[in-house]
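In my numbering, the protein residues as written are 11 to 160. Glycine residues also receive a C-beta, built at the ideal position from the N, C-alpha and C atoms. Right, one structure below, let's go through it.
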């Protein structure tokens, strides 16, 4: 198993960050209970081949309001986990930690993983940066929507 963690700080309070994060995170799921989303599942085509579609399934495996959100994705003979943790960084800021872990089965997957691990941390940081960008956009839209209601 491999495991990599990256983090960043965002200049918004934890409740607002987590609330907007969950609004974005629930989009791919048909049934998602914001109070307790553990067990929510999403299945989608990951690859199209001549012999048919190859699916990946994602499920929510952990959730603690304003603290943690974790998913597990199964694809072929691999299992991926993404865990986001939210911590109060003071002064109205929030630290977000993203931990990615991967279990691979079979010798070819393990060889492929060795080469992937050389660039994994950079890819995970890019994923976190993309999530933060989407999150900041969502927070700004929510704030503007609330101001327009006044």
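N- and C-terminal bounds of the beta strand (DSSP E) containing residue 63
For residue 63, the enclosing beta strand (DSSP E) covers residues 62-74.
N-terminal and C-terminal residue of the beta strand (DSSP E) that residue 56 is part of
Residue range 51-59 is occupied by the beta strand (DSSP E) that includes residue 56.
Beta carbon of residue 143 nearer than 8 Å to that of residue 17
No, they are not a contact pair.
Cβ atoms of residue 69 and residue 81: under 8 Å apart, would you say?
A Cβ-Cβ contact shorter than 8 Å links residue 81 with residue 69.
Residue 31 (DSSP reduced to helix, strand or coil):
Judged by DSSP in its simplified three-state form, residue 31 adopts helix.
For residue 100, three-class secondary structure by DSSP
Three-state result, residue 100: strand.
Beta-carbon proximity list for residue 38, same chain, < 8 Å, skipping 5 on both sides:
Sequence-distant Cβ neighbours of residue 38 in its own chain, meaning closer than 8 Å and more than five residues away, are 52, 54, 68.
With residue 149 and residue 44 assumed to form a contact (beta carbons below 8 Å), what rounded beta-carbon distance in angstroms separates them?
The beta-carbon separation of residue 149 and residue 44, rounded to 17 Å, does not stay under the 8 Å limit for a contact.
Taking just the CA atoms, how far does residue 102 sit from residue 62?
Taking the straight line from one Cα to the other gives about 49 Å.
Consider the Cβ of residue 145: report whether some Cβ of chain B lies at a distance smaller than 8 Å.
Considering every chain present, this structure includes no chain B. It has just one protein chain.
Name the residue from 84, 89, 93, 140 whose alpha carbon lies nearest to the alpha carbon of residue 78.
Considering only alpha carbons, the answer is 93.
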